[in-house]
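Colleague: Handing you this structure, nothing more for now.
Numbering (UniProt numbering), first residue to last: 1 to 338.
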């Protein structure tokens, strides 16, 4: 099978000429650097280690979920139930702890198993019954959040061991950045290698570009998509475990609305909402960009409503921007061939 690129590629430039169009990944990374530099120069506190500690803590759950979400969207699907999966995980974790399940390794394992089951439910509806993932996961978004309130109600469970809650926010020795960012980095490398350096990853791009052609090429489309939804559910539950320990509180409304931040990061990172295009570097850069921008604007006392408007605008830009770059590349290619 011919390897499919993550982005549209222009024809090789003629000798002595260079393309004036950069990749979307580079645009995102440059924007991240500009936001950090301008923020540090104009907003008190942005240059402080404490600011970057909060940025990295905010990044952790979004990045954990965005990694498998990237693979899902590349195949042309989406999972909007991730924040509700996180919330239901927190609720079950709190309820089991309150009812005497005090072995935290066992509790974490049960939570991850729960996430896998919730993801499998989405996967079954999409791959077995052939339902659109958008409709399915909008439904399970409401279902899982409702179940979270059934399990825990409006209570909060907050008597977890201090050693575990501190471990979720403890910094790397000698630094202010929390050590859990290392876990995120390892996961990012694993998902990045899977996407960009394995036949499985090439198959994901093939599915996103043309599902029928991928089937004829021998790719197990339904099975692959099913396991991607399982992975997304499992990682959302892992984010729920971190969320519970970070805030030392299990509540049914934990992570409410987080799916918007995850989808915004994936699309802003250059992953096409139609599937078949995108990469992990851009997504990681977008996660950092959105978190840095949001925290910097909060320090500048920007109202919450304005932050929502900015997030929505970036979401639109994430859809329009890569397409504009793609059209510019195609125009340059045509000029070179004429």
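Built from N, CA and C at the ideal position, the CB exists for glycine as well.
1) According to the neighbour-count rule (16 or more other Cβ atoms, all chains shown, within 10 Å of its Cβ), is residue 337 buried or exposed?
2) Cα separation between residue 329 and residue 25?
3) Of all the alpha helix (DSSP H) runs that stay within the bounds of the region 155–179, which reach a length of 4 or more residues?
4) Since residue 80 and residue 137 should fall inside the 8 Å C-beta cutoff, what is the C-beta to C-beta distance between them, to a whole number of angstroms?
5) With distances taken Cα to Cα, identify the nearest neighbour of residue 29 among 305, 284, 253.
6) Please report whether the beta-carbon of residue 74 lies at a distance below 8 Å from any beta-carbon of chain D.
7) Does the structure place the region 56–63 close enough to the region 110–125 that three or more beta carbon pairs sit under 8 Å?
8) Mapping the DSSP letters down to three states, classify residue 250 as helix, strand or coil.
9) Which residue spans inside the region 214–274 form an unbroken beta strand (DSSP E) run of at least 3?
10) Taking only three categories from DSSP, how would you classify residue 279?
11) What first and last residue would you give for the alpha helix (DSSP H) that runs through residue 122?
12) Quick check on the burial criterion: 16 or more other C-beta atoms within 10 angstroms. Buried or exposed for residue 212?
13) Alpha carbon to alpha carbon, how far is residue 229 from residue 194? Give it in angstroms, no decimals.
14) Near residue 43, which residues of its chain fall below 7 Å by C-beta distance, leaving aside the five closest residues on each side in sequence?
15) Inspect the beta-carbon positions of residue 233 and residue 83 and report whether they are closer than 8 Å.
16) What do you get for residue 208, buried or exposed, if any count of 16 or more other CB atoms within 10 angstroms of its CB means buried?
17) Taking three-plus beta-carbon pairs below 8 Å as touching, is the region 185–201 in contact with the region 276–294?
18) With a threshold of 7 Å, establish whether the CB of residue 145 neighbours any heavy atom of the ligand FAD.
19) Would you mind stating whether residue 311 and residue 90 have Cβ atoms separated by less than 8 Å?
20) If you reduce the DSSP assignment to three classes, tell me which class residue 318 lands in.
21) Taking residue 238 as the reference, give the member of 302, 92, 40, 41 with the closest Cα.
Modeller: Result, derived from the coordinates:
1) exposed
2) 15 Å
3) 162–167
4) 4 Å
5) 284
6) Any reference to chain D falls outside this structure, which holds one protein chain only.
7) no
8) strand
9) none
10) coil
11) 104–127
12) exposed
13) 16 Å
14) 296, 299, 300
15) no
16) buried
17) yes
18) Because no ligand of any kind appears in the structure shown, any question about the ligand FAD cannot be addressed here.
19) no
20) helix
21) 92
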